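Notes to accompany the following structure.
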Amino acid sequence: MKSDFIVALTQLAAERGLPREIVLSAIEAALVSAYRKDSITAGQNVSVKLDPGSGDVTVYILKTVVEEVTDHQIEITLADAQKIDPTAEMGGTVVTESMPHTPGRIAAQTAKQVVMQRLREAEREIVFMEYEDKEGEVFSVNIQRVEPKQVIVDLGRAEAVLPISEQVAAERYRSGSKMKVLLKTVERSGKGPELIVSRADTQLLRRLFEMEVPEVFSGAVEIDSIAREPGSRSKVAVRATQDGVDPVGSCVGLRGVRIQNIVNELHGEKIDVVEWNKEAAIFLANALSPAQVMKVELNIDDQTAKAIVPERQLSLAIGKEGQNVRLAARLTGWKIDIKGNVEYEAELAERAVNEAEAIATGAVAVEEPPVVEEVEAVAEEAVATEAVEAEPAVAKVEEAVAEEAKAEVEVVPVAEEAPVVEQPVVVAEVKSEPKPAPVRQPVAPAERSASLRDVPEAIWSVRRARRSSPDANEPGQIRFAEDIAGLRGGVTASRRGRRRDDPDAVPAATAQPEAPKRKTKAGKKRR
(Lines of atoms letter the chains of each structure in order from A and count residues from 1; the text may use other names and numbers.)
(Lines give C-alpha, C1' and ligand atoms only; values in the text may rest on other atoms or scores of the structure.)
Protein backbone atom coordinates (compact mmCIF):
# COMPACT_ATOMS: atom_id res chain seq x y z
CA MET A 1 0.00 0.00 0.00
CA LYS A 2 1.30 3.36 -0.99
CA SER A 3 1.91 5.97 1.67
CA ASP A 4 0.20 9.31 1.67
CA PHE A 5 3.49 10.94 0.82
CA ILE A 6 3.85 8.95 -2.39
CA VAL A 7 0.29 9.78 -3.43
CA ALA A 8 0.83 13.48 -2.86
CA LEU A 9 4.14 13.36 -4.69
CA THR A 10 2.61 11.69 -7.73
CA GLN A 11 -0.33 14.09 -7.80
CA LEU A 12 1.93 17.11 -7.57
CA ALA A 13 4.13 15.87 -10.40
CA ALA A 14 1.07 15.30 -12.58
CA GLU A 15 -0.36 18.75 -11.91
CA ARG A 16 2.88 20.51 -12.67
CA GLY A 17 3.75 18.29 -15.55
CA LEU A 18 7.11 17.49 -14.05
CA PRO A 19 8.94 14.21 -13.59
CA ARG A 20 8.81 12.62 -10.12
CA GLU A 21 12.58 12.86 -9.74
CA ILE A 22 12.49 16.63 -10.12
CA VAL A 23 9.66 16.93 -7.60
CA LEU A 24 11.47 14.65 -5.16
CA SER A 25 14.70 16.65 -5.40
CA ALA A 26 12.72 19.83 -4.83
CA ILE A 27 11.22 18.38 -1.63
CA GLU A 28 14.62 17.30 -0.35
CA ALA A 29 16.03 20.79 -0.98
CA ALA A 30 13.06 22.24 0.88
CA LEU A 31 13.64 19.98 3.89
CA VAL A 32 17.30 20.95 3.99
CA SER A 33 16.35 24.60 4.13
CA ALA A 34 13.81 23.87 6.84
CA TYR A 35 16.29 21.99 9.10
CA ARG A 36 18.89 24.70 8.72
CA LYS A 37 16.43 27.13 10.25
CA ASP A 38 15.49 24.72 13.06
CA SER A 39 16.75 25.48 16.54
CA ILE A 40 18.40 22.09 17.00
CA THR A 41 20.35 21.97 13.76
CA ALA A 42 20.89 25.67 13.36
CA GLY A 43 24.31 26.48 11.96
CA GLN A 44 25.09 22.89 10.92
CA ASN A 45 25.61 21.35 7.51
CA VAL A 46 22.52 19.17 7.04
CA SER A 47 21.67 16.59 4.39
CA VAL A 48 18.26 14.96 3.96
CA LYS A 49 17.53 11.53 2.55
CA LEU A 50 13.95 10.87 1.46
CA ASP A 51 12.70 7.36 0.81
CA PRO A 52 10.19 7.59 -2.09
CA GLY A 53 8.64 4.21 -1.26
CA SER A 54 7.83 4.73 2.38
CA GLY A 55 8.15 8.48 2.67
CA ASP A 56 10.61 8.25 5.55
CA VAL A 57 12.99 11.17 5.97
CA THR A 58 16.47 10.79 7.42
CA VAL A 59 18.53 13.83 8.41
CA TYR A 60 22.33 13.63 8.41
CA ILE A 61 24.90 16.08 9.77
CA LEU A 62 27.90 16.58 7.52
CA LYS A 63 31.33 17.84 8.58
CA THR A 64 34.37 18.85 6.58
CA VAL A 65 37.73 17.09 7.17
CA VAL A 66 40.48 19.58 8.19
CA GLU A 67 43.85 19.45 9.98
CA GLU A 68 42.89 21.85 12.76
CA VAL A 69 39.29 22.31 13.83
CA THR A 70 38.03 25.84 14.35
CA ASP A 71 34.26 25.13 14.37
CA HIS A 72 33.18 21.81 15.85
CA GLN A 73 29.69 22.00 14.25
CA ILE A 74 30.93 21.87 10.68
CA GLU A 75 34.56 20.62 10.89
CA ILE A 76 36.35 17.41 11.95
CA THR A 77 39.95 16.21 12.07
CA LEU A 78 41.30 13.58 9.72
CA ALA A 79 41.85 11.04 12.52
CA ASP A 80 38.26 11.34 13.76
CA ALA A 81 36.92 11.20 10.23
CA GLN A 82 38.82 7.99 9.45
CA LYS A 83 37.27 6.38 12.53
CA ILE A 84 33.83 6.96 10.99
CA ASP A 85 34.84 6.36 7.41
CA PRO A 86 38.26 4.80 6.70
CA THR A 87 38.20 6.25 3.20
CA ALA A 88 37.95 9.81 4.41
CA GLU A 89 40.45 12.25 3.01
CA MET A 90 41.56 15.76 3.77
CA GLY A 91 39.02 18.30 2.42
CA GLY A 92 36.20 15.77 2.07
CA THR A 93 32.91 15.48 3.96
CA VAL A 94 31.88 12.84 6.43
CA VAL A 95 28.43 11.95 7.76
CA THR A 96 28.86 12.13 11.47
CA GLU A 97 25.38 11.38 12.83
CA SER A 98 21.72 11.27 12.05
CA MET A 99 18.81 12.84 13.85
CA PRO A 100 15.07 12.21 13.88
CA HIS A 101 12.65 14.02 11.54
CA THR A 102 10.97 16.36 13.98
CA PRO A 103 10.77 19.83 12.39
CA GLY A 104 8.83 22.63 13.97
CA ARG A 105 6.04 24.81 12.57
CA ILE A 106 8.37 27.45 11.18
CA ALA A 107 10.50 24.82 9.50
CA ALA A 108 7.38 23.34 7.91
CA GLN A 109 6.30 26.72 6.46
CA THR A 110 9.78 27.31 5.11
CA ALA A 111 9.79 23.87 3.51
CA LYS A 112 6.49 24.61 1.79
CA GLN A 113 7.74 27.87 0.31
CA VAL A 114 10.97 26.27 -0.85
CA VAL A 115 9.11 23.41 -2.47
CA MET A 116 6.88 25.79 -4.44
CA GLN A 117 9.83 27.91 -5.48
CA ARG A 118 11.83 24.91 -6.63
CA LEU A 119 8.87 23.59 -8.55
CA ARG A 120 8.44 26.91 -10.35
CA GLU A 121 12.10 27.00 -11.24
CA ALA A 122 11.87 23.47 -12.51
CA GLU A 123 8.89 24.38 -14.65
CA ARG A 124 10.67 27.37 -16.13
CA GLU A 125 13.71 25.31 -16.92
CA ILE A 126 11.64 22.68 -18.63
CA VAL A 127 9.77 25.30 -20.66
CA PHE A 128 12.99 26.95 -21.73
CA MET A 129 14.50 23.63 -22.79
CA GLU A 130 11.35 22.70 -24.68
CA TYR A 131 11.00 25.92 -26.72
CA GLU A 132 14.67 26.74 -27.05
CA ASP A 133 14.97 24.58 -30.16
CA LYS A 134 11.67 25.75 -31.67
CA GLU A 135 12.57 29.31 -32.57
CA GLY A 136 11.29 30.20 -36.05
CA GLU A 137 8.36 27.77 -35.95
CA VAL A 138 4.69 28.63 -36.35
CA PHE A 139 2.23 27.97 -33.54
CA SER A 140 -1.52 28.19 -33.44
CA VAL A 141 -2.36 30.14 -30.29
CA ASN A 142 -5.31 31.53 -28.40
CA ILE A 143 -5.36 35.11 -27.22
CA GLN A 144 -5.67 35.18 -23.44
CA ARG A 145 -5.77 38.90 -22.80
CA VAL A 146 -5.10 42.15 -24.60
CA GLU A 147 -3.02 44.77 -22.84
CA PRO A 148 -2.22 48.32 -24.00
CA LYS A 149 1.31 47.52 -25.17
CA GLN A 150 1.22 43.76 -25.67
CA VAL A 151 -0.98 40.75 -26.23
CA ILE A 152 -0.64 37.62 -24.10
CA VAL A 153 -1.17 34.36 -25.99
CA ASP A 154 -1.24 30.75 -24.85
CA LEU A 155 1.28 28.40 -26.46
CA GLY A 156 0.06 25.38 -24.52
CA ARG A 157 2.64 24.85 -21.79
CA ALA A 158 3.63 28.47 -21.56
CA GLU A 159 2.49 31.98 -22.22
CA ALA A 160 4.04 34.11 -24.92
CA VAL A 161 4.08 37.84 -25.45
CA LEU A 162 3.14 39.58 -28.69
CA PRO A 163 4.66 43.07 -28.30
CA ILE A 164 3.35 46.06 -30.19
CA SER A 165 6.46 46.12 -32.39
CA GLU A 166 5.56 42.66 -33.74
CA GLN A 167 1.89 43.39 -34.27
CA VAL A 168 0.20 44.28 -37.55
CA ALA A 169 -1.40 47.70 -37.46
CA ALA A 170 -4.35 46.63 -39.59
CA GLU A 171 -5.27 43.68 -37.34
CA ARG A 172 -7.58 43.78 -34.33
CA TYR A 173 -6.94 41.32 -31.49
CA ARG A 174 -9.73 40.01 -29.27
CA SER A 175 -9.58 37.71 -26.28
CA GLY A 176 -10.39 34.11 -27.14
CA SER A 177 -9.66 34.41 -30.88
CA LYS A 178 -7.20 32.09 -32.60
CA MET A 179 -4.35 32.95 -34.91
CA LYS A 180 -0.97 31.70 -36.07
CA VAL A 181 2.19 33.31 -34.80
CA LEU A 182 5.91 32.86 -35.28
CA LEU A 183 8.02 32.07 -32.23
CA LYS A 184 10.73 34.67 -32.69
CA THR A 185 12.91 34.50 -29.56
CA VAL A 186 13.24 32.50 -26.33
CA GLU A 187 15.16 34.31 -23.58
CA ARG A 188 15.89 33.77 -19.92
CA SER A 189 14.76 36.34 -17.41
CA GLY A 190 14.32 36.72 -13.70
CA LYS A 191 10.74 35.60 -13.99
CA GLY A 192 11.54 32.64 -16.14
CA PRO A 193 11.84 32.10 -19.89
CA GLU A 194 10.40 34.94 -21.94
CA LEU A 195 8.80 33.85 -25.23
CA ILE A 196 8.35 36.51 -27.92
CA VAL A 197 6.02 35.79 -30.84
CA SER A 198 5.46 37.82 -34.01
CA ARG A 199 2.82 38.46 -36.65
CA ALA A 200 4.85 40.92 -38.72
CA ASP A 201 8.03 38.94 -39.38
CA THR A 202 8.83 37.85 -42.95
CA GLN A 203 9.66 34.35 -41.70
CA LEU A 204 6.00 33.89 -40.80
CA LEU A 205 5.13 34.23 -44.48
CA ARG A 206 7.85 31.74 -45.43
CA ARG A 207 6.58 29.19 -42.89
CA LEU A 208 3.02 29.61 -44.10
CA PHE A 209 4.17 28.82 -47.65
CA GLU A 210 5.90 25.71 -46.35
CA MET A 211 2.69 24.65 -44.62
CA GLU A 212 0.40 25.29 -47.60
CA VAL A 213 2.64 24.37 -50.56
CA PRO A 214 4.03 20.82 -50.56
CA GLU A 215 6.61 21.70 -53.24
CA VAL A 216 8.10 24.34 -50.97
CA PHE A 217 8.15 21.96 -48.01
CA SER A 218 9.84 19.21 -50.03
CA GLY A 219 12.38 21.57 -51.59
CA ALA A 220 11.22 21.30 -55.22
CA VAL A 221 10.44 25.03 -55.07
CA GLU A 222 12.71 27.34 -53.13
CA ILE A 223 11.82 30.76 -51.76
CA ASP A 224 14.71 33.03 -52.68
CA SER A 225 13.69 36.30 -51.01
CA ILE A 226 10.70 37.99 -49.39
CA ALA A 227 9.80 41.67 -49.14
CA ARG A 228 6.88 42.44 -46.87
CA GLU A 229 4.93 45.37 -45.54
CA PRO A 230 2.78 43.64 -42.88
CA GLY A 231 -0.94 43.93 -43.36
CA SER A 232 -0.65 45.62 -46.75
CA ARG A 233 1.38 43.80 -49.40
CA SER A 234 4.19 41.29 -49.85
CA LYS A 235 6.35 40.05 -52.71
CA VAL A 236 7.85 36.55 -52.78
CA ALA A 237 10.54 35.47 -55.26
CA VAL A 238 10.54 31.72 -55.95
CA ARG A 239 12.55 29.40 -58.18
CA ALA A 240 12.37 25.73 -59.08
CA THR A 241 15.14 23.34 -58.07
CA GLN A 242 13.75 20.52 -60.21
CA ASP A 243 13.06 20.44 -63.93
CA GLY A 244 9.46 20.54 -65.04
CA VAL A 245 8.19 22.37 -61.96
CA ASP A 246 6.39 25.68 -62.31
CA PRO A 247 7.40 27.63 -59.19
CA VAL A 248 4.78 30.35 -59.46
CA GLY A 249 1.96 27.98 -60.36
CA SER A 250 2.86 25.65 -57.50
CA CYS A 251 2.66 28.47 -54.97
CA VAL A 252 -0.56 29.91 -56.34
CA GLY A 253 -2.33 26.58 -56.71
CA LEU A 254 -5.35 25.60 -58.75
CA ARG A 255 -7.56 28.67 -59.06
CA GLY A 256 -5.45 30.31 -56.36
CA VAL A 257 -6.54 27.98 -53.56
CA ARG A 258 -3.13 27.71 -51.90
CA ILE A 259 -2.29 31.39 -51.98
CA GLN A 260 -5.82 32.26 -50.85
CA ASN A 261 -5.39 30.25 -47.65
CA ILE A 262 -2.27 32.25 -46.83
CA VAL A 263 -4.03 35.52 -47.62
CA ASN A 264 -6.91 34.59 -45.33
CA GLU A 265 -4.53 33.73 -42.51
CA LEU A 266 -2.87 37.14 -42.88
CA HIS A 267 -6.28 38.87 -42.88
CA GLY A 268 -6.35 39.97 -46.53
CA GLU A 269 -2.71 40.90 -47.06
CA LYS A 270 -1.93 40.99 -50.80
CA ILE A 271 0.83 38.63 -51.94
CA ASP A 272 2.68 38.79 -55.28
CA VAL A 273 4.55 35.63 -56.26
CA VAL A 274 7.25 36.33 -58.87
CA GLU A 275 9.79 34.07 -60.51
CA TRP A 276 13.44 34.53 -59.64
CA ASN A 277 15.94 34.80 -62.50
CA LYS A 278 19.71 34.95 -62.54
CA GLU A 279 19.50 37.78 -65.09
CA ALA A 280 19.08 40.94 -63.04
CA ALA A 281 17.11 42.76 -65.75
CA ILE A 282 14.55 39.94 -66.06
CA PHE A 283 14.29 39.58 -62.29
CA LEU A 284 13.69 43.32 -61.92
CA ALA A 285 10.99 43.22 -64.58
CA ASN A 286 9.28 40.31 -62.79
CA ALA A 287 9.56 42.05 -59.43
CA LEU A 288 7.64 45.08 -60.73
CA SER A 289 4.60 42.97 -61.60
CA PRO A 290 1.70 43.46 -62.19
CA ALA A 291 3.14 46.32 -64.29
CA GLN A 292 4.61 45.46 -67.69
CA VAL A 293 8.19 46.62 -68.11
CA MET A 294 9.38 47.61 -71.59
CA LYS A 295 13.08 48.01 -70.87
CA VAL A 296 15.52 47.86 -67.95
CA GLU A 297 18.84 49.72 -67.82
CA LEU A 298 21.35 48.55 -65.21
CA ASN A 299 24.25 50.33 -63.55
CA ILE A 300 26.23 47.54 -61.91
CA ASP A 301 28.70 49.86 -60.18
CA ASP A 302 26.02 51.71 -58.22
CA GLN A 303 23.52 48.81 -58.09
CA THR A 304 20.90 51.07 -59.64
CA ALA A 305 18.37 50.26 -62.33
CA LYS A 306 16.06 52.31 -64.55
CA ALA A 307 12.83 50.60 -65.57
CA ILE A 308 10.87 51.91 -68.56
CA VAL A 309 7.14 51.23 -68.48
CA PRO A 310 4.23 52.35 -70.69
CA GLU A 311 2.84 55.73 -69.76
CA ARG A 312 -0.55 54.26 -68.90
CA GLN A 313 1.04 51.84 -66.40
CA LEU A 314 3.34 54.34 -64.72
CA SER A 315 1.17 54.66 -61.62
CA LEU A 316 0.72 50.88 -61.46
CA ALA A 317 4.48 50.31 -61.53
CA ILE A 318 5.09 52.88 -58.80
CA GLY A 319 2.20 51.69 -56.66
CA LYS A 320 0.28 53.43 -53.92
CA GLU A 321 2.69 55.84 -52.24
CA GLY A 322 5.54 54.06 -54.04
CA GLN A 323 4.78 50.72 -52.40
CA ASN A 324 5.23 48.51 -55.48
CA VAL A 325 8.63 49.88 -56.48
CA ARG A 326 9.74 49.96 -52.83
CA LEU A 327 8.95 46.28 -52.35
CA ALA A 328 10.59 45.41 -55.68
CA ALA A 329 13.76 47.22 -54.61
CA ARG A 330 13.86 45.33 -51.31
CA LEU A 331 13.14 42.05 -53.06
CA THR A 332 15.92 42.41 -55.64
CA GLY A 333 18.45 44.48 -53.69
CA TRP A 334 18.64 47.12 -56.47
CA LYS A 335 17.73 50.78 -56.40
CA ILE A 336 14.99 51.18 -59.00
CA ASP A 337 13.96 54.32 -60.86
CA ILE A 338 10.67 54.20 -62.80
CA LYS A 339 10.31 56.19 -66.03
CA GLY A 340 7.45 56.47 -68.50
CA ASN A 341 8.20 55.74 -72.14
CA VAL A 342 7.28 59.29 -73.20
CA GLU A 343 9.64 60.87 -70.68
CA TYR A 344 12.34 58.34 -71.54
CA GLU A 345 12.09 59.07 -75.28
CA ALA A 346 12.24 62.79 -74.55
CA GLU A 347 15.39 62.27 -72.48
CA LEU A 348 16.93 60.21 -75.28
CA ALA A 349 16.14 62.91 -77.82
CA GLU A 350 17.55 65.62 -75.58
CA ARG A 351 20.64 63.54 -74.92
CA ALA A 352 21.14 62.97 -78.64
CA VAL A 353 20.82 66.69 -79.33
CA ASN A 354 23.30 67.52 -76.58
CA GLU A 355 25.76 64.96 -77.87
CA ALA A 356 25.40 66.26 -81.41
CA GLU A 357 25.95 69.81 -80.23
CA ALA A 358 28.96 68.74 -78.21
CA ILE A 359 30.44 66.91 -81.19
CA ALA A 360 29.71 69.84 -83.50
CA THR A 361 31.18 72.32 -81.05
CA GLY A 362 34.31 70.24 -80.71
CA ALA A 363 34.68 69.91 -84.50
CA VAL A 364 34.20 73.64 -85.10
CA ALA A 365 36.64 74.51 -82.36
CA VAL A 366 39.30 72.38 -84.02
CA GLU A 367 38.62 73.37 -87.65
CA GLU A 368 37.63 77.02 -87.17
CA PRO A 369 40.97 78.76 -88.03
CA PRO A 370 41.59 77.05 -91.39
CA VAL A 371 37.94 77.41 -92.38
CA VAL A 372 37.98 81.16 -91.78
CA GLU A 373 41.14 81.62 -93.81
CA GLU A 374 39.79 79.56 -96.66
CA VAL A 375 36.54 81.48 -96.69
CA GLU A 376 38.41 84.81 -96.85
CA ALA A 377 40.60 83.63 -99.70
CA VAL A 378 37.64 82.31 -101.63
CA ALA A 379 35.78 85.57 -101.04
CA GLU A 380 38.66 87.61 -102.43
CA GLU A 381 38.90 85.38 -105.51
CA ALA A 382 35.13 85.62 -106.03
CA VAL A 383 35.22 89.42 -105.86
CA ALA A 384 38.04 89.59 -108.37
CA THR A 385 36.30 87.17 -110.74
CA GLU A 386 33.02 89.05 -110.51
CA ALA A 387 34.81 92.34 -111.22
CA VAL A 388 36.41 90.87 -114.37
CA GLU A 389 33.19 89.24 -115.56
CA ALA A 390 31.09 92.33 -114.83
CA GLU A 391 32.94 94.64 -117.24
CA PRO A 392 31.34 93.40 -120.53
CA ALA A 393 27.95 93.14 -118.79
CA VAL A 394 28.19 96.76 -117.69
CA ALA A 395 29.02 97.83 -121.20
CA LYS A 396 25.97 96.00 -122.56
CA VAL A 397 23.74 97.58 -119.94
CA GLU A 398 25.00 101.04 -120.80
CA GLU A 399 24.25 100.49 -124.48
CA ALA A 400 20.73 99.30 -123.68
CA VAL A 401 20.11 102.33 -121.49
CA ALA A 402 21.29 104.66 -124.25
CA GLU A 403 18.92 103.07 -126.80
CA GLU A 404 15.98 103.35 -124.41
CA ALA A 405 16.81 107.00 -123.80
CA LYS A 406 16.76 107.68 -127.53
CA ALA A 407 13.38 105.97 -127.86
CA GLU A 408 11.94 108.07 -125.07
CA VAL A 409 13.21 111.22 -126.71
CA GLU A 410 11.39 110.30 -129.90
CA VAL A 411 8.11 109.55 -128.09
CA VAL A 412 7.99 112.72 -126.01
CA PRO A 413 7.00 115.08 -128.88
CA VAL A 414 4.01 112.88 -129.76
CA ALA A 415 2.78 112.97 -126.20
CA GLU A 416 3.09 116.76 -126.14
CA GLU A 417 0.73 117.07 -129.11
CA ALA A 418 -2.17 115.86 -126.99
CA PRO A 419 -4.11 118.90 -125.72
CA VAL A 420 -4.39 117.83 -122.13
CA VAL A 421 -5.72 121.25 -121.25
CA GLU A 422 -8.87 120.62 -123.31
CA GLN A 423 -9.98 117.59 -121.18
CA PRO A 424 -12.37 119.37 -118.75
CA VAL A 425 -15.31 118.39 -120.98
CA VAL A 426 -14.83 114.74 -120.14
CA VAL A 427 -14.53 115.53 -116.45
CA ALA A 428 -17.80 117.40 -116.47
CA GLU A 429 -19.66 114.52 -118.09
CA VAL A 430 -18.39 112.08 -115.51
CA LYS A 431 -19.36 114.41 -112.71
CA SER A 432 -22.92 114.57 -113.97
CA GLU A 433 -23.34 110.90 -113.02
CA PRO A 434 -24.94 110.55 -109.56
CA LYS A 435 -22.67 107.63 -108.54
CA PRO A 436 -18.88 107.86 -108.34
CA ALA A 437 -18.45 104.36 -109.86
CA PRO A 438 -20.74 104.03 -112.96
CA VAL A 439 -21.55 100.62 -114.38
CA ARG A 440 -19.24 99.82 -117.25
CA GLN A 441 -20.42 97.97 -120.32
CA PRO A 442 -18.40 95.08 -121.66
CA VAL A 443 -15.77 96.19 -124.10
CA ALA A 444 -14.84 94.28 -127.20
CA PRO A 445 -11.41 92.64 -127.32
CA ALA A 446 -10.30 95.12 -129.91
CA GLU A 447 -11.21 98.04 -127.68
CA ARG A 448 -9.65 96.38 -124.64
CA SER A 449 -6.32 96.11 -126.33
CA ALA A 450 -6.43 99.63 -127.73
CA SER A 451 -3.88 102.19 -126.58
CA LEU A 452 -3.49 105.93 -126.93
CA ARG A 453 -1.47 105.46 -130.07
CA ASP A 454 -4.28 103.50 -131.80
CA VAL A 455 -7.06 106.00 -130.96
CA PRO A 456 -8.38 107.94 -133.98
CA GLU A 457 -7.26 111.49 -134.37
CA ALA A 458 -10.82 112.73 -133.90
CA ILE A 459 -10.71 111.85 -130.22
CA TRP A 460 -8.18 114.54 -129.61
CA SER A 461 -10.50 117.24 -131.08
CA VAL A 462 -12.06 118.16 -127.76
CA ARG A 463 -12.14 121.90 -128.38
CA ARG A 464 -15.63 121.69 -129.88
CA ALA A 465 -17.04 119.72 -126.93
CA ARG A 466 -19.66 121.38 -124.82
CA ARG A 467 -20.36 121.25 -121.16
CA SER A 468 -23.17 118.90 -120.34
CA SER A 469 -24.30 120.71 -117.23
CA PRO A 470 -24.33 124.30 -116.09
CA ASP A 471 -22.38 123.49 -112.91
CA ALA A 472 -19.39 121.96 -114.71
CA ASN A 473 -15.93 122.54 -113.37
CA GLU A 474 -13.44 124.95 -114.77
CA PRO A 475 -11.35 123.90 -117.78
CA GLY A 476 -8.25 121.88 -116.99
CA GLN A 477 -9.55 120.47 -113.67
CA ILE A 478 -9.55 116.67 -113.05
CA ARG A 479 -11.52 115.35 -110.11
CA PHE A 480 -11.78 111.57 -110.42
CA ALA A 481 -9.47 108.73 -111.31
CA GLU A 482 -12.20 107.50 -113.70
CA ASP A 483 -11.51 110.55 -115.86
CA ILE A 484 -8.06 109.28 -116.68
CA ALA A 485 -9.41 105.73 -117.02
CA GLY A 486 -11.98 107.05 -119.47
CA LEU A 487 -9.29 108.64 -121.58
CA ARG A 488 -7.42 105.33 -121.64
CA GLY A 489 -10.63 103.50 -122.57
CA GLY A 490 -10.57 104.95 -126.06
CA VAL A 491 -13.92 105.13 -127.79
CA THR A 492 -15.91 104.44 -124.63
CA ALA A 493 -14.45 107.44 -122.84
CA SER A 494 -15.05 109.73 -125.82
CA ARG A 495 -18.64 108.55 -126.04
CA ARG A 496 -19.36 109.64 -122.49
CA GLY A 497 -17.65 113.02 -122.97
CA ARG A 498 -19.63 114.19 -126.01
CA ARG A 499 -23.20 115.15 -126.73
CA ARG A 500 -25.34 113.09 -129.07
CA ASP A 501 -25.89 115.97 -131.48
CA ASP A 502 -22.18 116.70 -131.82
CA PRO A 503 -21.32 116.13 -135.47
CA ASP A 504 -17.67 115.43 -134.59
CA ALA A 505 -18.47 112.73 -132.01
CA VAL A 506 -17.22 109.21 -132.64
CA PRO A 507 -20.11 106.74 -133.18
CA ALA A 508 -20.35 104.03 -130.50
CA ALA A 509 -22.60 101.01 -130.97
CA THR A 510 -22.58 100.14 -127.32
CA ALA A 511 -23.79 103.52 -125.98
CA GLN A 512 -26.68 103.35 -123.51
CA PRO A 513 -29.38 106.04 -123.13
CA GLU A 514 -29.23 108.10 -119.98
CA ALA A 515 -31.77 107.42 -117.28
CA PRO A 516 -34.26 110.18 -116.46
CA LYS A 517 -33.40 112.41 -113.54
CA ARG A 518 -35.67 113.50 -110.74
CA LYS A 519 -35.26 115.32 -107.50
CA THR A 520 -36.37 114.15 -104.08
CA LYS A 521 -37.60 116.25 -101.23
CA ALA A 522 -34.15 116.24 -99.74
CA GLY A 523 -32.78 117.75 -102.90
CA LYS A 524 -30.73 114.69 -103.85
CA LYS A 525 -30.62 113.23 -107.33
CA ARG A 526 -31.57 109.65 -108.01
CA ARG A 527 -31.56 107.58 -111.14
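The working numbering numbers the first residue of the sequence shown as 880 and each following residue consecutively.
We put the CB at the ideal spot given by N, CA and C, even for glycine.
The model shown is predicted, which means the values in this text are computed figures rather than measured ones.
Check                                                                                          : Outcome
Cβ-Cβ separation, A1119 to V1100 (assumed contact under 8 angstroms), whole Å                  : 6 angstroms
Y1052 (DSSP reduced to helix, strand or coil)                                                  : coil
Bridge partner(s) assigned by DSSP for P1042                                                   : Q1029
Residue-level contact to chain E via CB, T889, 9 angstroms cutoff                              : The question asks about chain E, but that chain is absent: this structure has only one protein chain.
Residue range of the unbroken alpha helix (DSSP H) whose run includes I1141                    : 1136-1144
Where M969 falls, given that 16 or more other Cβ within 10 Å makes a residue buried            : exposed
CB-CB length for P997 against A913, believed under 8 angstroms                                 : A quick correction: the sequence has Arg, not Pro, at residue 997. Incorrect: roughly 12 angstroms between the Cβ atoms, too far for contact.
A1159, DSSP secondary structure in three states                                                : helix
Coarse secondary structure for A1228, derived from DSSP in three states                        : helix
Residue range of the unbroken alpha helix (DSSP H) whose run includes S904                     : 899-915
Same chain only: Cβ atoms within 6 angstroms of E1089, ignoring 5 sequence neighbours per side : V1095, F1096
Euclidean distance between Cα positions of V938 and S1044                                      : 53 angstroms
Option nearest V1115 by Cα separation, candidates R1067, R1053, R1085                          : R1085
Exposure label - D930; buried when at least 16 CB within 10 Å                                  : exposed
Cα-Cα separation, D1151 to S1168                                                               : 8 angstroms
8 angstroms Cβ shell around Q1202 - same chain, five flanking residues per side excluded       : E1108, S1111, R1112
Selection from A967, G1098, P1072 that minimises the alpha carbon distance to D1122            : G1098
As assigned by DSSP and simplified to three states, the class of G1035                         : coil
Residues that M969 bridges to, as DSSP identifies them                                         : None; M969 has no bridge partner.
Simplified DSSP assignment, three categories, for R861                                         : Outside the modelled stretch of the chain, which goes from 880 to 1406, sits residue 861, for which no answer is possible.
The ligand HEM heavy atom lying under 8 angstroms from the CB of A892                          : For the ligand HEM, the structure offers nothing, since it holds no ligand at all.
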